[in-house]
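Colleague:
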Amino acid sequence: MMGFPRERNKTMKRFTSYLMACMVGAFGLYGCGATEDAAMEEAATEEMAADVAMINVEVTSISEEFANINTNATSDQLMEAGFDADGWISITHNEQTLVMPMVTDYGDVAEGAWLARMDEESGTLQIAINGGNAATDIGAAVGDMLHVMAADAPEMEEGEMGEGEMGEGEMGEGEMGEGEMDEGEGGMDDEGADEGDSDASTGGEEESTTQPAQ
-12 MMGFPRERNK
-2 TMKRFTSYLM
8 ACMVGAFGLY
18 GCGATEDAAM
28 EEAATEEMAA
38 DVAMINVEVT
48 SISEEFANIN
58 TNATSDQLME
68 AGFDADGWIS
78 ITHNEQTLVM
88 PMVTDYGDVA
98 EGAWLARMDE
108 ESGTLQIAIN
118 GGNAATDIGA
128 AVGDMLHVMA
138 ADAPEMEEGE
148 MGEGEMGEGE
158 MGEGEMGEGE
168 MDEGEGGMDD
178 EGADEGDSDA
188 STGGEEESTT
198 QPAQ
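In terms of my numbering, the sequence shown opens at residue -12 and continues consecutively.
1. Can you find the residues in the same chain that come closer than 8 angstroms, C-beta to C-beta, to residue 67, ignoring five residues on each side of it along the sequence?
2. Since residue 117 and residue 140 are thought to touch, with beta carbons under 8 angstroms apart, how far apart are those beta carbons, to the nearest angstrom?
3. Using CA coordinates, which residue listed in 60, 126, 143, 7 is at the minimum distance from residue 54?
4. Less than 8 angstroms between the CB atoms is what I'm expecting for residue 59 and residue 134, so what's the real figure, rounded?
5. Taking the alpha-carbon positions, what's the residue 157 to residue 74 distance?
6. Return the bridge partner residues of residue 138 from the DSSP annotation.
7. Who are the Cβ neighbours of residue 101 in its own chain at under 6 angstroms, not counting the five residues just before and after it?
8. So residue 122 packs on residue 56, CB below 8 angstroms; how close in whole Å?
9. Does residue 62 come out as helix, strand or coil in the three-state DSSP assignment?
10. So the candidates are 52, 79, 62, 3; which of them puts its Cα closest to the Cα of residue 109?
11. Which of helix, strand or coil does DSSP assign to residue 4?
12. Helix, strand or coil for residue 67, going by three-state DSSP, please let me know.
13. Nearest by alpha-carbon distance to residue 71: which of 104, 119, 94, 124 is it?
14. When you compare only the Cα positions, how much space is there between residue 48 and residue 106?
15. Could you give the C-beta distance for residue 46 and residue 124, rounded to a whole number, given that I count them as a contact under 8 angstroms?
16. With DSSP collapsed to three states, give me the class of residue 47.
17. So, helix, strand or coil for residue 115, using DSSP?
18. Write down the C-beta distance between residue 99 and residue 119 rounded to the nearest angstrom, noting that I regard them as a contact closer than 8 angstroms.
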C-alpha cells in the first residue's frame, strides 16, 4: 500500500515532462513558422521594389531663361531602370514629391503643368513647367539630387476636362441648330436651313492653345 503514492508521483513526473516537451515543441514550430513568414514577406517586398523603376539623378544645370532643371540621366539609363518613354514619373526633392508625365514638347501639357522630357541638345532628362520656372518653384540648384520613380497617372476628377476637349463645336448649334428645331415644329424655312448649315460648318474649329515654356 505504501508503494502506490510513489508510483503516482513517478507517473505525474512523466506526464509533466511529456507536457513540457510538447509545449517546447509547439513553441519551436511556431517560431519556425514565424521566421519563415517573415522571410517570405521580406522577399516579396524586395521583389516589388525591384519591379518599380527608380533612379537617383543629379542636377547638372539650370536653364537661364525658364529655370528648367537639367539632369545627368540619359535615355539609356532610364530605359535600363525600367522607365516608360511615355509613362508618368514622380520627382522628389527635399521631401517634396511631384508627379508628371514624360512628354516630347512643352506644349504637350497644359500651361502651368509639370513635365519631364529628354532635352534635344544634351540628350538627358529635363524637368520643367510649361510657362513656369521649375527650379525656382522647388528651390533646386546645381548639384542637388533628385529621386525619380515610375508613377501612375493621376485620376482625372469631374470638371477637369477643358473646352478644347469638349467645346462648342462638339455640342453647339451646328448639331442642333435653329433649322432642325424649326423642322420639328412643323417646317424649316430657307433662312433657318442656311443658319444651321453655317453653324455646322464652323462649329468645332476652335481648339485650345498653350504657350510653350521654351
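We treat Cβ as the ideally placed atom computed from N, Cα and C, and that holds for glycine. Computed from a prediction, not measured in an experiment: that's the story for all the values here.
Modeller: Per the coordinate set shown:
1. none
2. The distance from the Cβ of residue 117 to that of residue 140 is about 17 angstroms, inconsistent with a contact at the 8 angstroms cut-off.
3. It is 126 whose Cα lies nearest to the Cα of residue 54.
4. Not a contact, Cβ separation roughly 14 angstroms.
5. Low local confidence applies: a pLDDT of 47 at residue 157 is under 50, so the model's placement there is unreliable, and no value is given.
6. 75
7. 85, 87, 116
8. That pair is a contact at about 5 angstroms.
9. helix
10. 62
11. helix
12. helix
13. Checked all of 104, 119, 94, 124; the closest Cα to residue 71 is 104.
14. The C-alpha of residue 48 lies about 12 angstroms from the C-alpha of residue 106.
15. About 14 angstroms; that fails the 8 angstroms criterion.
16. strand
17. Annotated three-state conformation of residue 115 is strand, per DSSP.
18. So it is a contact: roughly 6 angstroms between Cβ atoms.
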